[in-house]
Amino acid sequence: MTKPTSAAPPAPCEDVEGVLMGGGAVGALLRSVDWSQSRLGPVSTWSASLRAAVSICLGSGFPIALYWGPDLVMIYNEGYAPIAGGKHPWALGRPGVEVWPEIWDSVGQQFARVLEVGEVTYKEDSLLLMHRHGYTEECYFNYTLSPIRGEGGRVEGIFNAVMETTYRVLNERRTQVLRELSERTAPARTPQEVCLLAAHTLGSATLDVPFCALYLVDEAGREARLTASAGLPPESPALAARVSLEQGHAAPWPLAEARATGGVVRVSALRERWGFVPPAGPWPEPAHSALVVPILVGAGERASGFLCLGLSPRRAVDEGYVQFAERAAAQVARVLSIVESFEVERRRAEALAELDRSKTAFFSNVSHEFRTPLTLMLGPTEDALAAPEPALTGASLETVHRNALRLLKLVNALLDFSRLEAGRVEAAFVPTDLALLTRELASTFRSAVERAGLRLRVECEPLPEPVYVDADMWEKIVLNLLSNALKFTFVGEIAVTLRAVDAAHVELRVRDTGTGIPPDELPRIFDRFHRVHGSRSRTHEGSGIGLALVRELVALHGGTVRAESQPGEGTTFLLTLPRGHAHLPAERLGAPRPRGTSGARAYVEEALRWVDTPSAAPGAAPSAAAAPHVHPTAGARIVLADDNADMREYVTRLLGATWRVEAVADGQAALEAVHREPAELVLSDVMMPRLDGFGLLRALKEDPGTRLIPVILLSARAGEESHVEGMNAGADDYLVKPFSARELLARVGARLEIHRLRAALDAELERKVVERTAQLLESNRELESFSYSVSHDLRAPLRHILGFAELLAKSSRGSLDDKSQRHLRTIAEAAQRGGQLVDDLLAFSRLGRAELKRGRVDLGRLVDEVRADLGPDAEGRRIHWRVASLPAVYADAALLRMALRNLLANAVKYTRPRAEAHIDISAEQGADEVRVHVRDNGVGFEMQYVDKLFGVFQRLHTTEQFEGTGIGLANVRRIITRHGGRVWAEGAVDAGASFHFTLPRALAPEGSQP
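This is the structure:
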């Protein structure tokens, strides 16, 4: 090795101990080195600058390294030893390039600059990929490279003060990742969305997370399902869709172990475990390890999910790395907990909203169910009280009694359901011949079923033993199911089957061939207050608690009930009861209690009213409440729509004494009746099957032929809100049940009178409009004839004036003074303007009478011809014409030529003040028409006066400014309008004007007539 030289030999050195004093363990190592065998030579030969630098280095607690001589031999202190890592103490006394070959490409040039020119280098958080612990490591440093000068100022070595910032840089970077993870996952509203956003955020931090996967545990807790991933191929063996959480099962991730321990599990040898080379983000080496972190949501002790993180091959798995993974999992868990709380709150809100909707629907239905029979009880009662002999007899008495039974049935059903909800039902389960009881109950419905044109098949085979039931409850179960089947069945049959299915159970089946239940409605069919909307039924009436009551009553018997259905084919209700009494409360067993009055009669009476459809009764006896005098609208046709047979019969009896009434069972039938024979009034219930009152109202108002028919809605929905809703929908009146007969008669009579008065006024108005139109047409024809005659008569004298003025000018040339010549020119110009005005008036008059001769017109060629005609007007001016490609149109060529001439002449005239005029002509083709544009850069106009442009004799400028008659644009509008087009204008003062018009496209053969 060549020893460093200096200008003068060094002073004698006492010994190595004196030069290499202090320095702790590293100082001791330096003193033990035989420096005579090194590139620096014996200590006694070291220069003063080297000895001074070494003394400073060993005496400092700050990490310092010295690089000396042309070979940059390293000497460092104890603070630098951790930076050297596994290369300490081997690195002492060795050249820098030999110690740090892996980073020399990055720092070598910096060292060279210091040696060559003495340039100081300072770096902050500089990335240096060192190999100091057996692998290439991602490291960051703040360091300075300063020259150490010897005698004469020559750089003999480099002073390297250094501080490792790796942990600070990594912590800041990972903290930023966690911050972004928090921000990006915050908006998530579902667990899946949380995992997707988390995977996307972590997957973008490839320096720390080369790849990741998130698993969520299923509800059963037996397996975890892959929810999101990043950095791994979709078909990778590492991305198993499901991973078992049972110990001992082979899996790509040790999720079961992580769940059992509740802590972080390190996964090593990934290549051998998965059978492929895992990605490592930006680094060339493959990732070789990963971490599995359990996600603990809320206060749960067991993991609800797992975060699987791939680890960088260039960082050791230290405490900081593990804490980063744990904090990421904790952030995901926090958001999942928020989402879970949000989901619980959302479900709670939805449940409350659903309950509120159900309550609203229930009260609406119950209001309808109460008010309809109340109307049918109060109406006949009020009629009877108003009669000379106050007594209910005949049909009125039957109606009141029938609706009283219906009210009783409804009240009993509500009380039963209320007691069931409160758990206050007192059941008495006794051994019963269930087959006999079921046959008796089903037989009560036979008359109603057969009257509806259906078959009733009852197959109740004798059972091996009596079944413990509460007879009253069983009656309600069977009658509700039969009533429901009849309500929704229009053809076919209803079958009731009872049999023992095995030694422990009996089964009741009620099958129908009705309209069926949609699949999405089937799970809710037994919910309280729930009704299937849009389903065809015999009536819209019902409280929505019948099937819910069935389910509760069956449950009291320890049984189950379910429904099977196919839309359009029918529905089957299957009810299963356990045999024996072991499943029943012992205190509820005993002898049969006396049965109350059978409720079957109320069910059957109601069902009979569904299948009986009384016809309109215009000849019925007058009601006691009917007016004694003949109403001015007597005989008017009224269509009544109500799904309740008693209500139809009652209202028909009230109105039939005065008007012709046709009563139907729903809105669709009412619409068909109105189309079959026009009606003067429609009286409709709101809640009906097929088409309800609002649907009927909407259909009538949308049809021009029926929109003027007055509509009165009858509804059980009271209150201002319901009334406003009905009126906003277009109803002419809204009557709330129960209503009095007098009120109904008064409102119907008033609406009919208003309707007839309106019809008379409309007819008179139509007659006057026709007369006035005819008068206007005649006046227009007379005006056109007069204009033509006057214009024709004015042409001759104007020609004479102009001719004689020209002769006078020629004959007196040179003999007249300037004033006389000016007067003569004024006479000639006035005659010319008058002639032009007469010509324009004649053209305007002819436009209204001339027959259009339509044909295919080449718009481009026509524009060229008009431009040629305007050549004299443009002579001596700089006018830039820009004419785009113009299509053919279907028009009268002569009239279109006149319109274009007026528009282009205007453009030439009103650009006269411009040094350079620009006139653009373009067109756009639509599906059926062509839109033409004429634009100029002339004087323009104010848009507030745009309506005056196309009027006759309307001008926006004086004659002194621009000549004209004020008829040209009126002719343009008349020509374009006769072609079925539109014309309009846009402009601004000193910014030019644009005129636009439309014409039909040239689709017809050339020469064809309109």
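Everything in the sequence shown is counted per the working numbering, starting at 15 for the first residue and increasing by one.
Cβ atoms here follow ideal geometry from the backbone N, Cα and C, with glycine treated the same way.
For Ser936, which residues in the same chain have their Cβ closer than 7 Å to its Cβ, ignoring the five residues on either side in sequence?
Ala898, His947
Let me check one thing: in DSSP terms, what residues is Ile482 bridge-paired to?
This sequence places Tyr at residue 482; Ile is not what is there. Answer is Pro445.
Does the beta-carbon distance from Gly99 to His147 come in below 7 Å?
yes
According to the neighbour-count rule (16 or more other Cβ atoms, all chains shown, within 10 Å of its Cβ), is Asp332 buried or exposed?
exposed
Please identify the residue among Asn985, Val871, Gly649 whose C-alpha is closest to the C-alpha of Thr672.
Gly649
Tell me the rounded alpha-carbon separation between Glu286 and Ala252.
12 Å
With a 10 Å radius around its C-beta and 16 neighbouring C-beta atoms as the bar for buried, classify Val87 as buried or exposed.
buried
Assign Glu28 to buried or exposed, taking buried as 16 or more other Cβ atoms, counted over all protein chains shown, within 10 Å of its Cβ.
Residue placement at Glu28 is poorly supported in this model, since its pLDDT is 44, which falls under 50; the coordinates still yield a value, given next. That one is exposed.
Taking Val871 as the reference, give the member of Pro901, His263, Ala596 with the closest Cα.
Pro901
Neighbour-count burial assignment, Thr11, 16 or more Cβ in a 10 Å radius
This structure does not reach residue 11, given that the chain is present from 15 up to 1024, and the question cannot be answered.
Can you find at least 3 beta carbon pairs, one from the stretch 141-156 and one from the stretch 45-64, that sit closer than 8 Å?
no
Output the distance between the C-alpha atoms of Gly1043 and Ser1008, rounded to the nearest integer angstrom.
There is simply no residue 1043 to check, as the chain begins at 15 and stops at 1024 in what is shown.
Tell me, which residues are paired with Asp872 by DSSP?
Ala902
Once DSSP output is grouped into helix, strand and coil, what is the label at Phe173?
strand
Assign Asn185 to one of two classes, buried (16 or more other C-beta atoms within 10 Å of its C-beta) or exposed (fewer than that).
exposed
I'd like the ranges of any alpha helix (DSSP H) spanning at least 4 consecutive residues and lying wholly in the stretch 114-178.
118-131
The alpha helix (DSSP H) with Ala213 in it runs from where to where?
205-217
For Thr179, which residues from the same chain have a beta carbon less than 7 Å from its beta carbon, with the 5 sequence-adjacent residues on both sides left out?
Asp139, Tyr154, Phe155, Asn156
Glu1020 in three-state terms, based on DSSP
A caution first: Glu1020 carries a pLDDT of 44, below 50, which makes its placement in the model unreliable, though a value can still be read off. The answer is coil: DSSP assigns Glu1020 none of H, G, I, E or B.
Three or more C-beta pairs below 8 Å linking the stretch 296-306 and the stretch 203-212
no
Mapping DSSP to helix, strand and coil, what is Arg836?
helix
To the nearest angstrom, report how far apart Ala66 and Ile162 are at their CA atoms.
10 Å
How do the stretch 213-231 and the stretch 117-133 stand: do at least 3 beta-carbon pairs fall below 8 Å, yes or no?
no
Would you give the residue range spanned by the beta strand (DSSP E) that Tyr81 belongs to?
78-82
For Glu507, which three-state DSSP category applies?
strand
Check for me: the beta strand (DSSP E) holding Tyr748 runs from which residue to which?
747-750
Is Tyr617 helix, strand or coil when you go by DSSP?
helix
Considering only their Cβ atoms, is the gap separating Tyr664 from Gly393 smaller than 7 Å?
yes
With distances taken from CA atoms, which of His302, Leu838, Gly744, Arg316 is nearest Leu323?
His302
Alpha helix (DSSP H) runs contained entirely in the stretch 449-501, provided each spans 4 or more residues
460-465, 485-501
Taking the alpha helix (DSSP H) that Ser326 belongs to, which residues open and close that run?
Per DSSP, Ser326 belongs to no alpha helix (DSSP H) and is neither H nor E.
Considering just the uninterrupted stretch of the alpha helix (DSSP H) at Ala39, what are its terminal residues?
38-46
Who are the Cβ neighbours of His1010 in its own chain at under 6 Å, not counting the five residues just before and after it?
His947, Trp998
Nearest CA to the CA of Pro224: which residue from Glu233, Gln345, Gly245?
Gly245
Looking only at DSSP bridge pairs, what is His12 linked to?
The question about residue 12 has no answer here: the residues shown for the chain are numbered 15 through 1024.
In this structure, how does DSSP classify Glu578 when only helix, strand and coil are distinguished?
strand
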